[in-house]
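Worksheet: the structure to be examined is printed underneath.
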């Protein structure tokens, strides 16, 4: 998928492929020939922001679902390791970045970029996530005979399909972008009230340790001479009301 994106192709993906957004973004950065002018780092709430908002600029979006500080730091370290530093980084800020209930399981695929270089090979080889990925792929081969291949499309937005764009952004299915307001409100209340909601969204305290990590990361970026901008993606009013009632301290 990353190789196709680097060739400038739009790629249709679906969950049955078992792809990892974090690995795709990692390989995208590693495959870049020069530094982008602008890089966006954030969660699913900034994934749809594309180069169309930045005419005449080389733009890359490395947002991933349930992103946290570890993801953002890892992607930034990948740019530093490759020695292609963007002029500007836009950080999509989510409340759970500073949560005391953070769930680290997803960013384990980027674990190696949180350690000193001499330790990376050890963690790359013996990472639990590497084992899980290999097992998942083996099981998929056994059940289907082969992995489903990504589909190339000339459209940046395909009806009822999820499309990865070459700038790293994603277009979601049309049915998810054109929902009547009444249905949106119903789903927001249903999901926000669910006990299975991500714990990051209903934390009770800010983590002093994570606040320090965030400030250190910002300082690191500034020391590289990078212009920093911030996006505060809004919560739906109904979701915000429910979530603030759930947590002791409130969002």
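Residue numbers (my numbering): 3 to 253. Built from N, CA and C at the ideal position, the CB exists for glycine as well.
Check, Outcome
"Sheet register partners of residue 154 (DSSP bridge)", "13"
"Whole runs of the beta strand (DSSP E) within the segment 56 to 86, excluding any shorter than 3 residues", "61 to 63"
"Enclosing beta strand (DSSP E) for residue 90 [first to last residue]", "90 to 94"
"Meets three-Cβ-pair contact criterion under 8 Å: the segment 62 to 77 and the segment 5 to 18", "no"
"Distance, residue 34 Cα to residue 87 Cα", "11 Å"
"Residue environment, residue 24, which counts as buried when at least 16 other CB atoms sit within 10 Å", "buried"
"Terminal residues of the beta strand (DSSP E) in which residue 231 lies", "229 to 233"
"Continuous beta strand (DSSP E) stretch holding residue 164: start and end", "164 to 166"
"Residue burial classification, residue 167 (beta-carbon count within 10 angstroms, cutoff 16)", "buried"
"Residue 31 - containing alpha helix (DSSP H), residue span", "23 to 33"
"For residue 40, the first and last residue of its enclosing beta strand (DSSP E)", "40 to 43"
"Own chain residues within Cβ distance below 7 Å of residue 51, not counting five before or after", "42, 63 and 171"
"For residue 232, the nearest candidate out of 28, 32 and 216 (CA to CA)", "216"
"Terminal residues of the alpha helix (DSSP H) in which residue 8 lies", "4 to 8"
"Of the residues 29, 46 and 57, the one placed nearest residue 4, counting alpha carbons only", "29"
"Nearest neighbour of residue 71, chosen from 93, 99, 164 and 244 [CA to CA]", "99"
"Under the three-state DSSP convention, the category residue 117 falls into", "Reliability of the predicted coordinates at residue 117 is poor, the pLDDT of 40 falling under 50, and the value obtained from them is presented with this limitation in mind. The answer is coil: DSSP assigns residue 117 none of H, G, I, E or B."
"For residue 74 and residue 242, the rounded distance between their alpha carbons", "24 Å"
"Span separating the alpha-carbon of residue 91 from that of residue 40", "6 Å"
"Residue 53 and residue 240 closer than 7 Å at C-beta", "no"
"C-alpha distance - residue 109 paired with residue 27, whole-angstrom precision", "Since pLDDT at residue 109 reaches only 47, below the 50 mark, its modelled position is unreliable, and no value is offered."
"Sheet register partners of residue 208 (DSSP bridge)", "101"
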